[in-house]
Structure formats: C-alpha cells, structure tokens
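Written below as structure tokens is the structure these notes are about.
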Amino acid sequence: MPGGTWTLGDLTVTRFGYGAMQLAGPGVMGPPADPDAALAVLREVVALGITHIDTSDAYGPHVTNRLIRQALHPYPEGLHLVTKVGATRDAQGGWPTAREPDQLRRAVEENLENLGVEALDLVNLRLGDATGPRAGSLAEPFEALVALQRKGLIRHLGLSNVTPEQVTEAQSIAPVVCVQNLYNLAYRQDDALIDRLAGQGVAYVPYFPLGGFSPLQSAALSAVAARRDATPMAVALAWLLRRSPNILLIPGTSSVAHLRENVAGAGLTLTADDLAALDAIGR
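If you read the sequence shown in full-length UniProt numbering, its first letter stands for residue 1, the second for the next number, and so on.
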C-alpha cells in the first residue's frame, strides 16, 4: 500500500485510506443512485488492503454508515473506522452545528448503532463551519467526548476543521491522535501545524486532498503529470504522501475503477525536480 502505515494511538492503519462521504446521494443526502456499486467500492477497499475508512453518521444522514455495515460487517481484523461528530443535517441539506454534550452523546450512539460496533475506534470533533475553522474554546464539547471515551464508547480522539490554538487546547485536556483539516497541493495554510504534529507523532489527515468541489487546477501540476504519464490527481496524492510521514490520505470515490486509479497513483515516484515544481504551487 502506498506510503506504508501509521499508528493512531494503538491502531495501525494504512497511510492510504478511503473517505466514504461520496457514497451518499447528491449533496451527501439520501441513498446512492446505485447501492450495489457503493457496496462494491467498500468491499474493494478491503480487498486492496486499505485499513482506514473515514465516515460520519451525518453523511446521508445515516446512509454511509449503514452501507459500511452492510458491506463489511463483521469487520475484518485490522480494519479501523474513523467517524466525526459536531454537525448534523437539516432538511435543506445544510450542516448545522451539534456540539452540545447531549447532541454529541446522541451522535456517538447513532454511529455505534449504524456501524454495528460496541466502541468507536476514533472520533473526530468537528469545529468551525463550512467556511473553515473558527477561533474559540473547544473545552466543553471536547470534554464531553472525553467523558464518553472514559465510558469505553470511544477508543481515541481527534479534531477536524480546527485552528492550531484549538489543537493545543485539546492536547491540554486529553491525547489527540489526529487532526483533519483542509489541505492540499494548492492550499498550504497548515504547513507549520503539519510539521509540529509530525514531531509529536500525531497524524494529519487532509480533507479535500484533490481540491474538493473545485478540483485542483495548475499548469505546473499538469506538466509533472504529463512527464510521469499520470493524472494530475495521482500526482497530487503522491505529493501529499511525500510531504510528511504523518499525512494520511482519505480520498473518496463512488467508483471501483477510480478507487484503483487513486491507489496506483499514490504510489508514483516523484523526482526532486517534480517535487520542487509542485512545492512552488502553494507558496
């Protein structure tokens, strides 16, 4: 598997993982148009040797977790499911925050039920909003998750959509095994945070590693891809794995063929000249 493995607390995962968000319907609402295809993707994830699946009960809502359970339960030994809480869904497809202690407890219980497990491997607390992180204390919601961890419902804790200051605050309360923020070849605001976390042995998981709803566009990226006879997206994934050993990838797709392309692409060998050209994109 490209990039080898990383340890989240006591959980060893492949650095190349899979993000399940795209398995839900349009706008991450409702069921997929082709449920059998969604199940096939999840089974191929396991067949390829990927041991890190990122999900949330807010996707659908409930859709991706139920698909994961249908496709893979009882789960293979070594497969780890990472979920997130802190937002819910409204009838318009929005993502209103849900960070009160009772809302977080309910979200953890729904993740447990829909995934069919007695404890969640890793729960990320999502802060901020759709526009990005927002400054402010995370003590109350994070302490609520720590209480659920002490009850044995959560093994490890992480953070999502957070500022460096919020990471520091959380670490003063309880161990944090990963941070999941927006980061990719062209969006490099977290460079210093990535390096800091690498020194602490904490994983960094970029969401929208390929640009999200606006795919990465760069002449330099296209030029490297042409030299390597690869797609720009493959080069972008390979660059992320080279960027720092603590970076874990969770690109999403609803296609088995695209999943295989992503895995193969992440294994590309990039030269020093390639890396220099790519590093210049986001600076």
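Idealized CB from N, CA, C, for every residue including glycine.
- Cβ atoms of L268 and A230 come within 8 Å of each other, at about 6 Å.
- Under the DSSP assignment, H80 falls in the beta strand (DSSP E) whose first and last residues are H80 to V85.
- Taking T5 as the centre and dropping the five residues before and after it, the same chain places the C-beta of T12, V13, T14 and R15 closer than 7 Å to its C-beta, in chain order.
- Under a 10 Å Cβ-count criterion, P133 is classified as buried, with 16 or more other Cβ atoms of the shown protein chains found around its own Cβ.
- The region 246-253 makes contact with the region 197-207, as at least three CB pairs between them are under 8 Å.
- Check the Cα spacing between A223 and each of V108, L278 and G19: the tightest is with L278.
- Listed as beta-bridge partners of D54 by DSSP are G19 and V82.
- Here T271 is exposed, its C-beta having fewer than 16 other C-beta atoms within 10 Å.
- D129 is bridged by DSSP to G132.
- Cβ neighbours of N161 within its own chain (closer than 6 Å, five residues either side excluded): R126, L127, G128 and P133.
- In the three-state reduction of the DSSP assignment, L159 falls in the strand class, which pools E and B.
- Annotation: A220 to D36 spans about 38 Å, alpha carbon to alpha carbon.
- Within the same chain, and ignoring the five residues on either side of G49 in sequence, the residues whose Cβ sits closer than 8 Å to its Cβ are M1 and T14.
- Rounded to whole angstroms, the separation of the alpha carbons of A119 and G152 is 7 Å.
- Taking 9 Å as the cut-off, the Cβ atoms of L23 and V46 do not count as close.
- Secondary structure note for N181: its beta strand (DSSP E) is the uninterrupted segment C178 to L182.
- A203 sits in a strand when the DSSP states are folded into three classes.
- Scanning A130, T168 and R105 for the CA closest to the CA of A144 turns up R105.
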